[in-house]
Structure formats: C-alpha cells, structure tokens
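These notes are about the structure you will find just below.
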Amino acid sequence: MDIDMMSIGKRIKNRRKELKLTQTDIKRECGISSGALSEIENGNRTPSIITFQLLSQTLNCSMDWLATGNSSDAENISISECEDNLLKGFRELSEGDQDEIMEILNMKLRKAQRARRTSAKSSGLTDTGEANMVG
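Counting in numbering that gives the first Met the number 0, the sequence shown runs from 0 upward without gaps.
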C-alpha cells in the first residue's frame, strides 16, 4: 500500500476546516506546532503515530479514514438520539447561525479545558505529606 502524504494532508486540512478549527486549535489539542501541522497538511512531513492518533481524535475521525480516505467503521458509528437531534437541527440553520453555534461550542470547550487543567493542577498541589496529616 502506498502512503500518499499529500492526500493525507489534504484530508487533515479539509477536516480541520470542516470542523472550523484553526491550526492553533490543533496545536493546543495535539501539542504540535502550527508550522509542523502546516508541513503535514502540505504533505511535506509525516506525523509520528502518536501525533496521527491525536489528530484523528481531535478531528473526530478514524486513523483509517485519515490514511486512506475510507473507513471500515463508517457503518458501525452510532450516535445518541440527542446527538442526532443536534446534528439535524444544526444542518437546518443558516451558515451564520452555524458559525454562532460553533463559537458558543468552542467557548464552552475552552471553559471545560480550563476547568480540567485547574482541577489537575489543584489536585497535584494538595497531594503533599502535610495534607494527609490527621489533626
């Protein structure tokens, strides 16, 4: 099987744009630089397997699809009734309204990420010997 990095890069870029994610969003989620992502998207760089997995998770698609454009999981994907209603409703909106919903979603996701980071940091700070003392 030939690996066509140009095709892989195009799928990554198109999927990122479809999800309205910037290279900075990918950098934040995957820990790779915008420059490295640009090189991957242009087919000039091969991502590590770990980066490839992170990209597939961030772009909400299978590694198989990223690599080949085909996915054996396509028939096996199931979404909840709530997710189905969200998707159907989203598709009925104008592009402007979709953009507004995406801005709200991104804001909520950033808020959740900050809360997770704050929680992780605070749990690390309270894990001292003194915190375990009984008074």
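C-beta atoms are modelled at their ideal positions from N, C-alpha and C, and glycine is treated no differently.
In this text, all values refer to a predicted model and were calculated from it rather than measured experimentally.
Per DSSP, what kind of secondary structure is residue i in: helix, strand or coil?
i: Cys-60; result: coil
i: Asp-98; result: helix
i: Ser-47; result: coil
i: Gly-68; result: coil
i: Ser-32; result: coil
Does residue i pass the burial test, meaning 16 or more other C-beta atoms within 10 Å, or should it be called exposed?
i: Glu-40; result: buried
i: Ala-8; result: Reading off the sequence, residue 8 comes out as Gly, not Ala. Gly-8 comes out buried.
i: Leu-92; result: exposed
i: Leu-54; result: buried
Could you spell out the range, first to last residue, of the alpha helix (DSSP H) harbouring residue i?
i: Ile-88; result: A quick correction: the sequence has Gly, not Ile, at residue 88. That run of the alpha helix (DSSP H) goes 80-91.
i: Asn-41; result: Unbroken run through Asn-41: none, as it is neither H nor E.
i: Gly-8; result: 4-17
i: Ile-25; result: 22-29
Mind reading off the beta-carbon distance from residue i to residue j? Whole number of angstroms is fine, and I expect it under 8 Å.
i: Leu-18; j: Lys-26; result: Going by Cβ atoms, the distance from Leu-18 to Lys-26 rounds to 15 Å, so no, they are not a contact pair.
i: Leu-65; j: Ile-31; result: With 8 Å as the limit, Leu-65 and Ile-31 do not qualify as a contact, their Cβ atoms being about 14 Å apart.
i: Thr-45; j: Met-4; result: 6 Å
Can you give me the Cβ contacts of residue i inside the same chain, cut-off strictly under 8 Å, excluding the 5 residues immediately before and after it?
i: Thr-23; result: Ser-33
Between which residues of its own chain and residue i is the CB-CB distance below 7 Å, once the five residues before and five after are set aside?
i: Phe-89; result: Gln-97 and Ile-100
i: Arg-14; result: Leu-58 and Cys-60
i: Thr-50; result: Cys-29 and Ile-31
i: Ser-70; result: Ser-61, Asp-63 and Trp-64
Residues in its own chain within less than 6 Å of residue i by CB, not counting five upstream and five downstream?
i: Glu-38; result: Arg-44
i: Thr-21; result: none
i: Gly-42; result: Met-4, Met-5 and Gly-8
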